[in-house]
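Residue numbers (the working numbering): 17 to 147.
Each remark here refers to the structure printed beneath this line.
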């Protein structure tokens, strides 16, 4: 429950994940603290509700917290990846095991996976490629 208080500590790792991606708007799913931390770092951020439908190919990147705890992770990651432009990124911030986060990212079709550790958070990022 208190995990959300320290989510901003993951912002440098999220910023590093976003650095190699195309410029553009970043959607942060249901995490205002992380959104504010990225805005403070100069990112154009759109806060999105957890249950909001995202338009296809709208964002340069989507940043989401807690995908490791979701039972419906496969359709959720597919929806988040669908909102990203080709060549953009999906960034997952979580406390789940790094191996599980990598597996889920690969199952979602992400390429060029990277993982960074920020305190107790694991930041897994990948590129969305539509073939």
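Even for Gly, the Cβ is constructed at its ideal location relative to N, Cα and C.
Cβ shell of residue i (< 6 Å), same chain only, five flanking positions each side left out
{"i": "residue 98", "result": "72"}
{"i": "residue 109", "result": "26, 81, 137 and 139"}
{"i": "residue 34", "result": "77"}
{"i": "residue 70", "result": "99"}
{"i": "residue 114", "result": "131 and 138"}
{"i": "residue 146", "result": "102"}
{"i": "residue 141", "result": "33, 105, 107 and 130"}
{"i": "residue 120", "result": "89"}
{"i": "residue 122", "result": "none"}
Start and end residues, beta strand (DSSP E) containing residue i
{"i": "residue 22", "result": "Neither: residue 22 is in no beta strand (DSSP E) and is coded neither H nor E."}
{"i": "residue 80", "result": "75-81"}
Per DSSP, cross-strand counterpart(s) of residue i
{"i": "residue 132", "result": "139"}
{"i": "residue 107", "result": "79 and 141"}
{"i": "residue 63", "result": "44"}
Host alpha helix (DSSP H) of residue i (start-end)
{"i": "residue 98", "result": "89-98"}
{"i": "residue 121", "result": "114-123"}
{"i": "residue 43", "result": "That residue, residue 43, is in no alpha helix (DSSP H); its beta strand (DSSP E) goes 42-45."}
{"i": "residue 51", "result": "48-56"}
Integer-rounded CB distance, given that residue j should sit under 8 Å from residue i
{"i": "residue 117", "j": "residue 143", "result": "Contact doesn't hold; Cβ gap of about 16 Å is too wide."}
{"i": "residue 76", "j": "residue 37", "result": "6 Å"}
{"i": "residue 60", "j": "residue 134", "result": "The Cβ separation is near 22 Å, so there is no contact."}
{"i": "residue 42", "j": "residue 50", "result": "Not confirmed; about 10 Å, so no contact."}
{"i": "residue 124", "j": "residue 87", "result": "With a Cβ gap of about 15 Å, residue 124 and residue 87 do not count as contacting."}
Same chain, Cβ closer than 8 Å to residue i, five either side skipped, listed in chain order
{"i": "residue 31", "result": "54, 57 and 59"}
{"i": "residue 39", "result": "76"}
Neighbourhood of residue i by C-beta, 7 Å cutoff - its chain only, sequence neighbours within 5 removed
{"i": "residue 128", "result": "142 and 143"}
{"i": "residue 65", "result": "46"}
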